[in-house]
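Scroll down for the structure; my scribbles are underneath it.
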Amino acid sequence: MARPINLAGRMAWRDLTGGPSGVLRGLGIFLACLVLGVTAIAAVGSLSRSFVAGLDRDGTKLLGGDVDLRLTHRQADAAQLAYLAEKSQARSDTVEMRTMARPLDPEARRSLAELKAVDDRYPLAGTLVTEPAMPLARILERRAGTWGAAVDDNLLVRLNVAIGDRVRIGEAEFDIRAVIKKEPDRVASVFSFGPRFMVSRDALPATGLVQPGSQIRYHHRLILPPGTSVPDFIEDLEREFPQAGWRIRAADEAAPGVRRFVDRLTLFMGFVGLTVLLVGGIGITNAVAGYLDERAATIATLKCLGAEGRLIFAIYLIQILILAAGGVVLGLIIGAALPWLGVTALGHLLPVAPEPGIYPQALITAGVFGILSAVTFALWPLARAREVRAGDLFRDRVAPARRRPRAAYLVLIALGVASLAALTIATATDRWFAYWFVGGSAVFLIVLRLAAWAVGWAARAIRNPPGARLRLVIANLGRPDTMVPSVVTSLGLGLAVLVAVALIDANMTRQVTERLPERAPAFFFLDIQPDQVADFDATVSRIDGTSNLQRVPSLRGRITHIDGTPVDQVDIPPDSQWAIRGDRALTYAAKRPDASEIVKGDWWPADYAGPPIISLDANLARGFGIGLGDTLTVNILGRPVTAEVRSLRQIDWRSLRFDFAIIFAPGTLEGAPHSHIAAIEAPVSAEDAIERTVADRFLNISAIRVREALEAAARIMEGVSWAVRGVASITIAAGALVLAGTIAAGHRRRVYDAVVFKVLGADRRRVLGGYVLEYGMLGLLTAVIGAAVGTAAAWGIVVHLMKSDWAFDAGAATMTALFCLAVTLIMGLFGTWRAMGQKAMPHLRNQ
Amino acid sequence: MDAYPNGNTGPKGHRGMTTAPAVRTGDLHLTLESEAGEVNILRGIDLTVAAGETVGIVGPSGSGKTSLLMVLGGLEQATGGDIEVAGQDLTTLDEDGLARFRRDNLGIVFQDFHLIPTMTAMENVAVALEFAGRDDAFDRAAEQLKAVGLGHRMGHYPGQLSGGEQQRVALARAFAGTPKVLLADEPTGNLDEHTSEQIIELLFGMHDRLGTTLLLVTHQRSLAERCGRMLTIRDGLVAGDQAPLRQAGD
């Protein structure tokens, strides 16, 4: 066995490196496609891992300690605090809530702010950076009867105040003494609706904001004694206080939102990388086929000299492996270097600085993808190469083999494809999305291939089109070695991805900028105390322009058990995991909310008085795997409440009406301290008056301007969408590479055609005009087919996956399609220009 | 009886032959499919060539002479009849078996040389010997190149050699494995007269040295007449089979 492999290796190397033609002749596109794909996957993997490493490195700082305990509505009791004091080396307690910041000028704008009251041990980990730089205690201390505050930059802008000015929070006044430049644990805070307003914990009582049922989050951060095992500490804590109801997080779980974001980003960009590899795969197939076609005479000669088919296959497989290894290594070097350079240069600008470095697992994954796809996509032309007819050497020209490969090779190709799919699914952070990606890619390729076949068929079916130029163009589109299949499939796939991304993005943006504002209320109000309800209702209803006031009781609780099983032991799909991540908003109601519809079970009587029962979101019930008669246990203010599911509701979350995944029947929650939340509709002109009236009359109530929140969301989406489109456009780059390869492969034919036309008297302009028409038609067909496939995919995703409204954005699709047309024309004409300059005689002699 | 390295017994001409034939065909047919329908290329060739014999094959273009060579080389599958070359029934071999058969028994020389452009002259000659697993492939290749007068051009690539030199390399390659049968298709078709003469001298010189059976397709009657026997193919049939006049009159 060793001898044939040695022989094949020797022949492969000799053929690859010998002769004056150079090693890479004909395989430049192969390498470019492979390098691009591997670079994309390696860069995404490395970037993702550098973020995760950054999160791990800064976990303690981001969390504010080794362990963070969070309680809503109340702080730990004396026994709990004593236990924490005994077991920890240091502890810092902070209180966070939303509130309204009001300048002293009664006409000035108010602003929602994230209030954070800190003790004198804050921060336990990391450093708070302020401007001017001074100790936090000095900033926040009480001077001449007034407490100090440190605030975010943009609070100063929103309120039009400066350092030294005074601002009211609740019933207290604060001197703004510093601007916060860096807050070490800020990224770990999930709720960040407004700018930070940091005060001393001792100042909190003066605000009057701490009221029963208010949405207040108490954090107890701990530094554990050296050598303490954090998991053991947490286990002991849970055993000691099983009903505490706190959310416990260790440093390795700091900033779960950022981790989720990184996960999603990795997933999306990873799929873009794989798409690049897929599009490039078509380029690989074409390039290898072209390379082997050029070597058809050599292959025939080897066969004449006694080389068996297996040896021929082995020789060229080894060549492909050698080149693939080179391409993969180059891709890995670039893919590792790009994020490293980017992170080193720009990392400090991010909320969590990524850890630059070499991440072997990311590189190994990218390398395996590269080699596997290179071999899989090269197998078809390799298998066909052994079918080259040696006897053709006796004729003028050795024709490249066009026979279907033998069954054994078809099985190998199928295995390669299956391995790529399995690797995609195995390495994705979300299997479910990976299944969709693999299935979607297969459908995309099949549809594009069918469309290309239809174009070729139509071109052949057209009889006698008018004009010689058009006749030639249509003949070229229909000829056996036409560029249509590879260009439509590769560039079409890149374009389809870009159009799909652009249309999904346009629909999402439209939701936020047009559809949601149509339905959304003007304000949400939080923390309305039960004794303020009547006054609040009357006050806001009196303001000119307000309408449709809705108000419901609200408190928070954490789901701890699903039908008696602890949530951490239940397998919950990703789309339902949001419900168990932290505290959930709960309410109770006698009447069914208007926005939702009962799909199973019955709503309870208005005068229900019995054991706890709930109405549950039907999608969540499906995710939890429970139904009517099953139970959910929710920890509310440290008390576990187990309630039976009485009905399931289909909730339209897009309506922005008040609705809750979990609604209790009357009789369970009324006794617990809680507040109310409200929403009201109003024209823009009334917003300032509403905000001022509510903020001045009800010092503890927070008002969220929905339009501003949506505008902020739209701005973020706009930034994200450009980034997403930018990343997705790499697929077009891969498609353009394939196009370049296809054009290069057709160079010989184009030169011959151009020479014949010139001999027949056609001037340069006329010949060029013919090619403009050919590439224009090819580009247009690819653009139309790619845009149609991309649009269909976007429609499916928006309507069926995201369950959102669909609108076709002709602008986004057209711009993307025009881009594709331009790429085809420019690259085609560049190739043609080279062909035009050729002298006639040598080519005519050679033919 | 003369003995040669390839086992042939010597060029004794086709008449009075007593040893096993190098080539034997019986009612050999070759029919190919084309867009215009079936084309009968060989329509029943009966041929016996003795070991060591030299046969010039002539005939008009499209008569089937090159196709006959391809079938004898196992490069085209006969559609009917019997065919035995160097004692091997070719109809029983699959594609890889035919490749091994060529490696061990045949040498082929083409009009277009068909050297591998990415290999040096030395490597081109050694390649078939390497396929056969011969450890002395490069030594043997060097000997052969020296024998054709290219000892000083061994490291050159085909693109760096003249047409005549390339055909010499092809001859060296064809004879390197001391084949039992050598098939040559218009070996001088792409060469000028002077170079052609040199190549022909080399070809026959090597045949004389090695005793290889030589089947030579050519348009040049003068070249065919140098062979011990001249076969005329017309419309896929043997239209004439005779000793060349020059030799017959000798």
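Quick note, the sequences are listed as chains A and B, same order. Under our numbering, the first sequence is numbered contiguously, ending at residue 847. Under our numbering, the second sequence is numbered contiguously, ending at residue 1250. Think of the CB as a built atom: it goes at the ideal place given N, C-alpha and C, for glycine as much as any other residue.
Give the secondary structure of Lys-600/A by DSSP, where H, G and I count as helix, E and B as strand, and everything else as coil. The count along the first sequence starts at 1 and reaches residue 600/A at position 600. Correct three-state label for Lys-600/A: strand.
Whole-angstrom distance between Pro-480/A and Arg-403/A, CA atom to CA atom: To locate residue 403/A, count along the first sequence from 1; it is residue 403. To locate residue 480/A, count along the first sequence from 1; it is residue 480. Distance from the CA of Arg-403/A to the CA of Pro-480/A, rounded to the nearest whole angstrom, comes to 13 Å.
So Gly-97/A is in the beta strand (DSSP E); what residue range does that whole segment cover? Looking up residue 97/A in the first sequence gives position 97. The sequence shown places Met at residue 97/A, rather than the Gly named in the question. Residue range 90 to 103 is occupied by the beta strand (DSSP E) that includes Met-97/A.
Anything in chain A within Cβ reach of Leu-1090/B, meaning under 7 Å, just list it in chain order. The residue labelled residue 1090/B in the question sits at position 90 within the second sequence. Correct list: empty, because the minimum Cβ distance to chain A is about 13 Å.
Inside the region 560 to 610 of chain A only - alpha helix (DSSP H) runs reaching at least 4 residues: Contiguous alpha helix (DSSP H) elements confined to the region 560 to 610 of chain A occur at 578 to 581, taking only those with 4 or more residues.
Under a CB-based cut-off of 8 Å, is Cys-304/A close to chain C? In summary, chain C is missing from the structure at hand, where the protein chains are A and B.
Residues within the region 1114 to 1133 of chain B neighbouring chain A, beta-carbon criterion of under 8 Å: Within the region 1114 to 1133 of chain B, contact with chain A at the beta-carbon level (separation under 8 Å) is assigned to His-1114, Leu-1115, Ile-1116, Pro-1117, Thr-1118, Met-1119, Thr-1120, Glu-1123, Val-1127, Ala-1128, Glu-1130, Phe-1131, Ala-1132, Gly-1133.
Which residues, in order along the region 375 to 392 of chain A, keep a beta-carbon less than 8 Å from a beta-carbon of chain B? Cβ contacts with chain B come from Arg-389, Ala-390, Gly-391.
Below 6 Å CB to CB, which residues in the same chain sit around Asp-15/A once its five sequence neighbours on both sides are set aside? Looking up residue 15/A in the first sequence gives position 15. Hits under 6 Å: none found.
How many whole angstroms separate the CB atoms of Gln-80/A and Ala-244/A, which I take to be in contact at a CB cut-off of 8 Å? Translated into the one-based positions of the first sequence, residue 80/A becomes position 80. Translated into the one-based positions of the first sequence, residue 244/A becomes position 244. About 6 Å separates the Cβ atoms of Gln-80/A and Ala-244/A, confirming a contact at the 8 Å cut-off.
Strictly by DSSP, which residues pair up with Ile-680/A? Numbered from 1 along the first sequence, position 680 holds the residue referred to as residue 680/A. For Ile-680/A, which the question treats as bridged, DSSP gives the partners Phe-523/A.
Name the one or two DSSP bridge partners that Thr-130/A has. Counted from its first residue, the first sequence places residue 130/A at position 130. Looking at the DSSP assignment, Thr-130/A forms a beta bridge with Ile-180/A.
What residues are listed by DSSP as bridge partners for Trp-833/A? Position 833 of the first sequence, counted from the start, is the residue given in the question as residue 833/A. Beta-bridge pairing links Trp-833/A to no other residue.
Contact set between Glu-1095/B and chain A, taken where Cβ atoms lie within less than 7 Å: For this step, residue 1095/B is matched to residue 95 along the second sequence. The contact set of Glu-1095/B on chain A, defined by CB atoms closer than 7 Å, consists of Gly-309 in chain order.
Give the secondary structure of Trp-848/A by DSSP, where H, G and I count as helix, E and B as strand, and everything else as coil. The question about residue 848/A has no answer here: the residues shown for chain A are numbered 1 through 847.
With 16 other CB atoms within 10 Å as the buried threshold, where does Gly-1064/B fall? Indexing the second sequence from 1 puts residue 1064/B at position 64. Looking at its Cβ environment, which holds 16 or more other Cβ atoms inside 10 Å, Gly-1064/B is buried.
Is the separation between the beta-carbon of Ile-559/A and that of Ile-614/A shorter than 8 Å? The residue labelled residue 559/A in the question sits at position 559 within the first sequence. The residue labelled residue 614/A in the question sits at position 614 within the first sequence. No, these two residues do not count as a Cβ contact at 8 Å.
Environment of Val-190/A [buried if 16+ CB atoms lie within 10 Å]: For the purposes of this step, residue 190/A is taken as the residue at position 190 of the first sequence. The pLDDT assigned to Val-190/A is 43, lower than 50, so where the model puts this residue is not dependable, and the model offers no usable value.
Less than 8 Å between the C-beta atoms of Pro-553/A and Thr-587/A, yes or no? Residue numbering aside, residue 553/A sits at position 553 when the first sequence is read from its first letter. Residue numbering aside, residue 587/A sits at position 587 when the first sequence is read from its first letter. Inclusion of Pro-553/A and Thr-587/A in the CB contact set at 8 Å is warranted, their separation being smaller than that value.
Would a check of beta-carbon distances place Arg-1140/B closer than 8 Å to chain A? As a first step, residue 1140/B must be located in the second sequence, where it is residue number 140. Not a single C-beta of chain A is nearer than 8 Å to the C-beta of Arg-1140/B.
How long is the line joining the alpha carbons of Pro-466/A and Leu-450/A, rounded to whole angstroms? In the first sequence, the residue the question calls residue 466/A occupies position 466. In the first sequence, the residue the question calls residue 450/A occupies position 450. The alpha-carbon separation between Pro-466/A and Leu-450/A amounts to approximately 27 Å.
At what residues does the alpha helix (DSSP H) containing Thr-858/A begin and finish? Because chain A spans 1 through 847 in this model, residue 858/A falls outside it and cannot be assessed.
Using a beta-carbon distance below 8 Å, is Asp-293/A in contact with chain B? As a position in the first sequence, residue 293/A is number 293, starting the count at 1. Asp-293/A does not count as touching chain B.
In chain order, what residues of the same chain have a beta carbon less than 7 Å from the beta carbon of Ala-137/A, not counting five sequence neighbours either side? Position 137 of the first sequence, counting from 1, holds the residue named residue 137/A. The residues are Asp-120.
Report all residues from its chain with a CB closer than 7 Å to the CB of Asp-58/A; omit the five preceding and five following residues, and keep chain order. Here residue 58/A is taken as the residue at index 58 of the first sequence, counted from 1. Correct list, in chain order: Val-352.
If we cut at 8 Å on Cβ distances, does Gly-290/A have a partner in chain B? Residue 290/A sits at position 290 when you count from the first residue of the first sequence. With 8 Å as the cut-off, Gly-290/A does not count as an interface residue toward chain B.
Excluding five sequence neighbours on each side, which residues of the same chain lie with their C-beta closer than 8 Å to the C-beta of Met-224/A? Reading the first sequence from its first residue, position 224 is the one you call residue 224/A. Checking the sequence, you will find Leu at residue 224/A rather than Met. Take Leu-224/A, set aside five residues on each side of it, and the residues of its chain with a beta-carbon closer than 8 Å to its own are Asp-66, Val-67, Lys-87, Ser-88, Gln-89, Val-230, Phe-233, in chain order.
Should the region 402 to 418 of chain A be called in touch with the region 1084 to 1095 of chain B, which here means at least 3 C-beta pairs below 8 Å? In short, these stretches do not touch, since the Cβ pair count stays below three.
Under three-state DSSP, which class holds Asp-430/A? Reading the first sequence from its first residue, position 430 is the one you call residue 430/A. Looking at Asp-430/A - three-state DSSP - the assignment turns out to be coil, as it is neither helix nor strand.
Other residues of its chain near Gly-1164/B: CB distance less than 7 Å, five sequence neighbours each side excluded: Position 164 of the second sequence, counted from the first residue, corresponds to residue 1164/B. Hits under 7 Å: Leu-1191, Thr-1195, Gln-1198, Ile-1199.
In chain order, what residues of the same chain lie with their CB nearer than 6 Å to the CB of Ser-547/A, ignoring the 5 residues before and after it? Residue numbering aside, residue 547/A sits at position 547 when the first sequence is read from its first letter. Result list for Ser-547/A: Glu-681, in chain order.
Chain B residues whose Cβ lies nearer than 8 Å to that of Thr-15/A: Stepping through the first sequence from its first residue, residue 15/A is reached at position 15. Before going further, note that residue 15/A is Asp rather than Thr in the sequence given. Ordered by position in chain B, the residues that pass the 8 Å Cβ test against Asp-15/A are Ile-1116, Thr-1118, Met-1119.
Taking Gly-18/A as the query, report the chain B residues whose CB atoms sit under 9 Å from its CB, ordered along the chain. Along the first sequence, read from residue 1 onward, the residue named residue 18/A stands at position 18. Under the 9 Å cutoff, chain B gives Ile-1116, Pro-1117, Thr-1118, Met-1119, Thr-1120, Glu-1123, Tyr-1157.
Would the region 354 to 366 of chain A count as touching the region 305 to 321 of chain A if we require 3 or more Cβ pairs under 8 Å? No, the region 354 to 366 of chain A is not in contact with the region 305 to 321 of chain A.
What would DSSP say about Trp-147/A, mapped onto helix, strand or coil? Here residue 147/A corresponds to residue number 147 of the first sequence, with the count starting at 1. In the three-state reduction of the DSSP assignment, Trp-147/A falls in the strand class.
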